[in-house]
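Working notes, structure below.
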Amino acid sequence: MALFNFKKRDQDAERATGQIEGFLQGFSIEVMPRTAAKVADFRELLPNGTRVYIAHIDGTPISDMVATAKRLNADGFNVMPHFPARIIKNRTTLADWIARYQGEANVKQGLLLAGGVATPHGDFENSMQLLETGFFDAGGFTRLHVAGHPEGSRDIDPDGGDRAVMTALRWKQAFSERSDAKMALVTQFCFDANPIITWSDALHAANITLPVHIGIAGPAKLQTLIKFAATCGVGPSMKVLQKRAMDVTKLLLPYEPTKVLAKLAAHKATHPDSNIAQVHFFPLGGIATNAEWAVANGGATGIPAARNG
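First residue of the sequence shown? That's 3 in my numbering, and the numbers climb one at a time after it.
Right, here's the structure in full:
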């Protein structure tokens, strides 16, 4: 009996490992210009063709964003800069950003979101207003991503509900059906698979079929994750971190996303019609640390471009 139990555990572990490897295929990752500048060679860290989002934090010069995009594109990566509505002053500024990204860095993808500031700097407040300009379709963007909120968003629904969020998602679904660009939802990072699965099932039931790229926090110190989670407004799944912080045997160990990814991968394997499509990493513990974890857990999916010749 004991031998059978060991064999079953080995089989379960092998199946989980295979599911995670498959789930990580085509993963994306996020950088900022100031952190990208510290990386000598992204090809030593990321697989060829990886989609790299470039986060546009308020105060970052557009010239730094474009330079980072140009460098990553030249290295063979799919570049997707953020377009935060609330820090874009007007249509002229938006048109200028698009022209610079395309003219200098051959950018054809973008993540459109409200942005992390409370008060808009100009005419735009949300991603829908950016899409309505028609500039991205006219510019031939091949892929446009927008934000998803598995644990809700107090910024959009101050009462803690989801009515405004769902209204916006229905609008984005309708827009995707008349746009030539491929669209997807990219979520804030979560630490528990259950809210993600419940949310994606609710989208499916509401006929919102946009693929979902799940935000996952990469390996990091627990204290670092708690700080970022509080700043970014992570919801109920933060309890996973709080519970871990109370366990002295785990307090000093780095957090790894293996458990949440294993559950999501298993769900996707048994529910292939789920909206959940890919993984998007927030490398909160550093991009090198995240890349090393992807190599260790992603099989051939995680092998950096430089190691593939």
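We put the CB at the ideal spot given by N, CA and C, even for glycine.
Between the region 212–219 and the region 275–290, the count of C-beta pairs closer than 8 Å reaches three or more; the two stretches touch. The Cβ-Cβ distance between D125 and K174 does not fall below 8 Å.
In the same chain as I59, and ignoring 5 residues on each side of it, the C-beta atoms closer than 8 Å to its own belong to M34 and G118, in chain order. Where E106 is concerned, the enclosing alpha helix (DSSP H) starts and stops at R93 to A107.
With contact defined as three or more Cβ pairs closer than 8 Å, the region 22–29 and the region 287–295 are not in contact. DSSP places F177 inside the alpha helix (DSSP H), whose first and last residues are R165 to R180. Note: M185 is bridge-paired with L146 in the DSSP secondary-structure output. Straight across, the Cα-Cα distance linking T169 with A176 is about 11 Å. DSSP lists R53 and H282 as the beta-bridge partner residues of S30. In the three-state reduction of the DSSP assignment, P152 falls in the coil class. The C-alpha of G150 is placed about 13 Å away from the C-alpha of T200. Secondary structure of V68 (DSSP, three-state): helix.
Secondary structure note for I218: its beta strand (DSSP E) is the uninterrupted segment V214 to A219.
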